[in-house]
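Asks:
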Amino acid sequence: MKRTSVSPIRTNAPAEDWKPGWLRGAFLLWLVLTALTATGDELKWHSVHGYRWSELPVPAEGKIGFTLLSPAATGIFFTNQLSDARAAQNRVLQNGSGVALGDVDGDGWCDIYFCRLEGPNVLYRNLGNGKFDDITQAAGVACDGQFSTGAAFADIDGDGVLDLMVNCIGGGTRAFLNDGRGHFTEMQDARLVRKFGSTSMALADVDGDGDLDLYVTNYRTDTHKDIPGLKIEAKMADGKVAITPANRFIALTPQNGAVEVIEKGERDFLYLNDGKGRFAPVSWTAGSFLDEDGKPLSAPPTDWGLSVMFRDINGDGLPDIYVCNDFFYWPDRIWINDSARRFRAIPRPAVRNQSLSSMAVDFADIDRDGYDDFFVAEMLNRDHQTRQRHRENLIHKEWNLPMTDPIFRPEVTRNTLQLNRGDGTYAEIAQLSGVAFSDWTWSAIFLDVDLDGYEDLLLTTGHHYDVQDTDTLRELSKLREPDTLENRIKNLRRFPRLDTGKLVFRNQHDLSFAEMSAPWGFNTIGVSHGMALADLDNDGDLDVVVNNLNQAAGIYRNETAAPRVAVRLKGRPPNTRGIGAKIWLYAGAVPVQSQEMICGGRYLSCDDTMRVFAAGSLTHEMRIEVRWRSGNRSVVNGVRANRVYEIDEAGAQPYQEPLKPETRPFFREVSERIDHRHHDETFDDFARQRLLPRRLSQLGPGVAWCDVNGDGWEDLIVGSGRGGRLSIFLNDGKGGFKAADVPEFAQPVARDQTGIVAWVKDGRTVLLVGSANYEDGLAVGPSVRQFDLSGKVVDDSLPGQMSSTGPLALGDFHGDGHLCLFVGGRVIPGRYPEAASSMFFRDAGGRWELDAENTKRLARVGLVSGAVWSDLDGDGLPELILACEWGPVRVFRNHSGRLTEATEEWGLAKYYGWWNGVTAGDFDGDGKMDIIAGNWGRNTKYQWYLEQPTRIFYGDFRRDGTAEVVEASFDPDLKKIVPWRDLKAMTMALPFVQEKFQTCRAYGRASVQEILGDEAIRAAELKANTLDSMVFLNRGGRFEARPLPVEAQFAPAFAVCVGDYDGDGDEDVFLSQNFFDVEVETSRYDAGRGLWLHGNGHGDFQAVPGQESGVRIYGEQRGAALCDYDADGRVDLVVTQNSQETKLYHNEGAKPGLRVRLKGPPGNPNGVGSVMRLKQGRRIGPAREVHSGGGYWSQDSAVQVLAASEPVTQIWIRWPGGKTTTGDVPVDAREIEVDIDGKVKVLRQ
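So the sequence shown is numbered by my numbering: it starts at 34 and just counts up by one.
Structure representation (structure tokens):
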């Protein structure tokens, strides 16, 4: 490509040539701004009011991805050099350096500035023909004699040309003003702090005065490990730990009483620009920064800052701040700009977890829903062998962190991807998306590589030496030698090198990403740090520049030929590049694309100020909208593909964002009406089975709706954990509740309560409550306790067993008007995951009698987590459906009074999962009961290893009567089944493993069979191949499996409730979500907050956002149940949380439906097991079944709320045993009672 020359500005001309002074200044600024956007002579500009455009020289053919250009081809021979001697003296230097991109001389071609650790930085001028020329010395920006880290090009004085900012270790930040021709002069009065270990920077107009302000992250100039002779002392003084030197360290006191010393980082700086490139630091403690509670900070954060980005996170047009910080205890900081006056920490529930060693952040609307999501890079290894060597960065159990507190924000040792829910909160889904691990990652950039309208993800990786190699660290810890430079260099070289490949992940449009590094030519091996984007060849797509360590810099030419629209901005001075503007492209490859113009913000790096969008087609006519930082808006209509548009803020118009219509949520929280909090005393599951994947002692509580006092109103019952009390809330008939005062029930329970169902015995309601022996492990005591509120007695006559009780379910198994009781065996104490046994009881004249034959058939049936009776084949007799962990959803048919398994016959046997809850409903409106089951979802560390089933091996390996477990997955590289847990955890549980494997490297190469040795022969094995929560549609003798929507896979689902929440006549589903009590190597599952799924009546569902449903619960949700407790014809919801507040929601948005009560025979007065449908004109509604027990350990109200889209004329019912009735429904009826003969009685009109 030819290069267009731009005449230099004559700064050495005689003064008289430039009179008068104001005219000279105006002409200079005009000339500079004109030169700013001049491009090669192949670009023919067409000017229109408010913008100009030019055709782009897009190649007719190309390929998706990049070509790495050689130094010989480009003339760029730059290498960021770091010697082992320097690295050994100061390990901070191994964090590398970055690159800044921008047109420094106004000729229309983007130039490149590289930072270097040892030696001068280099500025390359783009010659426009694919060649670059080193102009560093003439430009005056070598910055020799310092350890340069980050750089950014920015117009800091508003004169229209790009100035240069440079950070370094130990020397802070420097500013260089550009004369417009690529000649720079360092500012001596910039007032920037010239000390500390400065890393990245970002610029934006934070206070709305038009100029660019500056945020600089600081790491440390050095670490204590690089200071010979530094002594650290910890003493107890006045009950507190005192650390010396206090200005460098803080102390943590783990739960074992020891003291752990953590080194502080250095304070960051936010500088306000005076408009002339002089900066004043903002105080951290004078009210400019507020914590989550709105209180001013008491001291500056002393984090280990690696990168920072200004982005409008909450969509109010103001630049907010995201700061990535390294190491445990130093969390990422998310500062929300409050009216351009101050910053406030983002609310605690908004972000549920963060990466521990955060390197870089980037934002993009990855699902094109109009809200920006963000990705944070960390350093979890991609392959099993390397991961087993890198376990020094784990969170330790001894730190006693409040992991079960919903508001606590844990740090996780992996990448995070935060999906914006649209209400200022995020669901973290990196594991679901396939981007949770990417090796030691430094820079992360979203870029639409294939120009399909969805941003893909680019990452740089690697490290000078693998200084987290556990084996080497252990060897070095044994050395006793002088701390000399020679020994440091020698010991540094003991570590293996960590040369890894760059990565690119393609956005697959469904919240998942697929690695395309090799096909897209972005997989070169080495150590790569800073990365930035620019259109180096002016063809309208973005090329990539990477600063590599001890290796030639990478220039990656983008080869795509897909149609594109490039956008540059010409902002009003002093913000001449329109930094902070939001850009939308409409009607391109997707309906809407959006990006933001940023300055800096990359890891140690800075993009050029151009954004590229996918046009999709050469014939699309598109529209560009720009919301400037000033609040004004520009609109460009008639946008065509393969053009670059430069939009001028001078043509922008004032714009008032239209008020969004207030959407009233369907549900309003009224939890204060019961004021209940679940009690659950702690139990250390891991002391008994050290390698358990998660606790089994935190599984409750269950909840039930039933009329316990016979007054016609449904009351609420909530189970308790050990040490608490069963809670009964009596309905006052006015929408309120009062806690029942029953002294006989007031004694603290000795065991966790599990499933809850209501049994009507002789006209009295008796509560059946499961009692778990999991913690004490004793087979004595009742499996189910019976609470008779009327008689004020507790009956403990139901026998116990070795298996700990989980779910309960009542059903008219024989169709004779008498209910049978299923008692699910959840787990055998100390023997997980060995199959537990369940029990079957029948009603024998008002008392429960063990059905020995059917109980025998349920021996070792599995780890039953959920159970429900449902008539799946329409014969009037219910089938027993069980949600099993490490097994399928199992179905048992009634064959002449005997349970006969039909799981295989009905096509369910192949879906082995960790099923939690299960229920039945008619989701496609065909009158047959379908099955819906909650599972652990896709957002787990196991997800990307499910091409082969995940496994668990177990056995009494220690010969102490307890089972120990080994979780495992297939490793495609080793082609072996390998363990998840690390060597340290394995040897603590199974000491014999240490005898075989002295190094993590050897352990990482071993299979489970090799690790267990002779014990492998005695080990039992279970598999799971399905972790999606699913609906199984009943096709008459077989079931069709369908995954629930992706939002239902964000977190484990426990309760599964079926009801028509909006009154449209189609069945909807509620899922309770989350689980926090996991072992230390696993991230807690916290991306859910309770989810309504809106059914379309054809078996498909759509997730309902929390801001629309009104349900937003951040804790560990467990049992949930539906009931129209105030008889307004709308179904209400109760959701329990383990060790947290029980949430009650009143439905205020649904179209009221018809309330239906059934009057069954004396042994089954509520008609449990009956199926009903409403007839409305020619249409008949979905089938609704009355359950007693189902979902997860819970019971919905027996009073059904049925909605219809047309006036209801009749109600059809199939009763247990197969009898059917049809009754007329009066037009004005709001509530009816139907007896077993089909007679309809109107209760409310």
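Virtual Cβ for every residue (Gly too), placed ideally from N, Cα, C.
Within the segment 688 to 749, note down every full beta strand (DSSP E) run reaching 3 residues or more, in order along the chain.
Replies: Qualifying beta strand (DSSP E) stretches, in chain order: 700 to 702 and 736 to 739.
Asks: Which partner residues of K234 appear in the DSSP bridge assignment?
Replies: Reading the sequence as shown, one finds Met at residue 234 and not Lys. DSSP output for M234 lists V249 as bridge partner(s).
Asks: Determine the direct distance from the alpha carbon of I707 to that of N806, and round the result to whole angstroms.
Replies: So the two alpha carbons sit approximately 28 Å from each other.
Asks: Under the rule that 16 or more other beta-carbon atoms within 10 Å means buried, what is D1006, buried or exposed?
Replies: Classification for D1006: exposed.
Asks: According to the neighbour-count rule (16 or more other Cβ atoms, all chains shown, within 10 Å of its Cβ), is L225 buried or exposed?
Replies: L225 is buried by the Cβ-count criterion.
Asks: What is the rounded straight-line gap between the Cα of A900 and the Cα of G1222?
Replies: Roughly 7 Å between the two C-alpha positions.
Asks: Please classify R1277 as buried or exposed, where buried requires at least 16 neighbouring CB atoms within 10 angstroms.
Replies: With fewer than 16 other Cβ atoms within 10 Å, it is exposed.
Asks: Output the distance between the C-alpha atoms of T973 and T609, rounded to the nearest integer angstrom.
Replies: The alpha-carbon atoms of T973 and T609 are separated by roughly 45 Å.
Asks: Tell me which residues share the same chain as P687 and place their Cβ nearer than 6 Å to its Cβ, disregarding the 5 neighbours each side in the sequence.
Replies: Closer than 6 Å at Cβ, skipping near neighbours: N665.
Asks: Evaluate the contact criterion for the segment 1094 to 1103 versus the segment 1234 to 1244: three or more CB pairs, one atom per stretch, below 8 Å.
Replies: The segment 1094 to 1103, when compared against the segment 1234 to 1244, does touch it at the 8 Å Cβ threshold.
Asks: Between the segment 1137 to 1151 and the segment 1160 to 1177, can you find at least three pairs of beta-carbon atoms closer than 8 Å?
Replies: Touching, per the Cβ criterion.
Asks: DSSP three-state label for W51, please.
Replies: The predicted model places W51 with a pLDDT of 29, which falls under 50 and marks its position as unreliable, so this point remains unresolved.
Asks: Can you grab the Cα-Cα spacing for the pair N1067 / T952, in whole Å?
Replies: Distance between the alpha carbons of N1067 and T952 is about 13 Å.
Asks: Distance check for V537 and G814, CA to CA, integer angstroms please.
Replies: Going from the Cα of G814 to the Cα of V537 covers about 58 Å.
Asks: Please go through the same chain and pick out, in chain order, the residues whose beta-carbon is closer than 8 Å to the beta-carbon of G173, but skip the five residues on each side of it.
Replies: Within the same chain, G173 has close Cβ partners F209, H216, F217, T218 and E219.
Asks: I want to know whether the segment 504 to 521 touches the segment 576 to 590 - three or more CB-CB distances under 8 Å.
Replies: Result no; under three Cβ-Cβ pairs closer than 8 Å.
Asks: Out of R300, I283 and E299, which has the shortest C-alpha to C-alpha gap to E293?
Replies: Ranking the options by Cα distance to E293, first place goes to I283.
Asks: Report the CB separation of Y459 from V409 in whole angstroms; it is logged as a contact under 8 Å.
Replies: Going by Cβ atoms, the distance from Y459 to V409 rounds to 11 Å, so no, they are not a contact pair.
Asks: Out of V1091, P691, Y1118 and V341, which one is the CA nearest neighbour of Q1228?
Replies: Considering only alpha carbons, the answer is V1091.
Asks: Cutting at 6 Å between CB atoms, please list the residues of its own chain near K794, excluding the five before and the five after it.
Replies: Excluding positions up to five away in sequence, the list reads G879.
Asks: Tell me which residues share the same chain as V1258 and place their Cβ nearer than 8 Å to its Cβ, disregarding the 5 neighbours each side in the sequence.
Replies: For V1258, where only same-chain residues beyond five positions count, the Cβ hits under 8 Å are L1187, L1207, V1241, T1242, Q1243, I1244, I1265 and V1273.
Asks: The ligand GDP heavy atoms versus the CB of D307: any closer than 7 Å?
Replies: In the structure on display, the ligand GDP does not appear, and there are no ligands present to speak of.
Asks: Give a yes or no on whether the C-beta atoms belonging to L126 and I202 are separated by under 8 Å.
Replies: Cβ distance < 8 Å, so L126 and I202 count as in contact.
Asks: Since N1171 contacts D713 with CB under 8 Å, what's their CB separation in whole angstroms?
Replies: With a Cβ gap of about 6 Å, N1171 and D713 count as contacting.
Asks: Taking the alpha carbon of V81 as the reference point, which residue from D472, I189, D681 and D240 has its own alpha carbon closest?
Replies: Answer by Cα proximity: D681.
Asks: Here's the rule: buried if 16 or more other CB atoms are within 10 angstroms of the residue's CB, otherwise exposed. What is M1021?
Replies: Answer is exposed; the Cβ neighbour count stays below 16.
Asks: From D144 to F312, what distance separates their C-alpha atoms?
Replies: C-alpha separation (whole angstroms): 26 Å.
Asks: By DSSP, does L1016 sit in helix, in strand, or in coil?
Replies: Helix at L1016.
Asks: To the nearest angstrom, how far is it from the Cα of W902 to the Cα of R422?
Replies: If you take the alpha carbons of W902 and R422, they lie about 49 Å apart.
Asks: Determine the extent of the alpha helix (DSSP H) in which L518 is found, giving its start and end residues.
Replies: That run of the alpha helix (DSSP H) goes L518 to L525.
Asks: Relative to the C-alpha of N433, which residue among V1113, A622, I478 and R375 is closest?
Replies: Among V1113, A622, I478 and R375, the Cα nearest to that of N433 is on V1113.
Asks: Could you pull out every residue in the same chain whose Cβ sits closer than 8 Å to the Cβ of S830, ignoring the five residues on either side in sequence?
Replies: For S830, where only same-chain residues beyond five positions count, the Cβ hits under 8 Å are P815, Q819, R880 and W881.
Asks: Counting pairs of Cβ atoms below 8 Å between the segment 118 to 132 and the segment 100 to 110, do you hit three or more?
Replies: Segments in contact, no.
Asks: Can you tell which of N211, L582 and I369 has its C-alpha closest to the C-alpha of E151?
Replies: It is L582 whose Cα lies nearest to the Cα of E151.
Asks: If you draw a straight line from the C-alpha of G649 to the C-alpha of R727, how long is it?
Replies: If you take the alpha carbons of G649 and R727, they lie about 47 Å apart.
Asks: Are at least three pairs of beta-carbons, each pair with one atom in the segment 614 to 621 and one in the segment 653 to 663, less than 8 Å apart?
Replies: The answer is yes - the segment 653 to 663 touches the segment 614 to 621, with three or more Cβ pairs under 8 Å.
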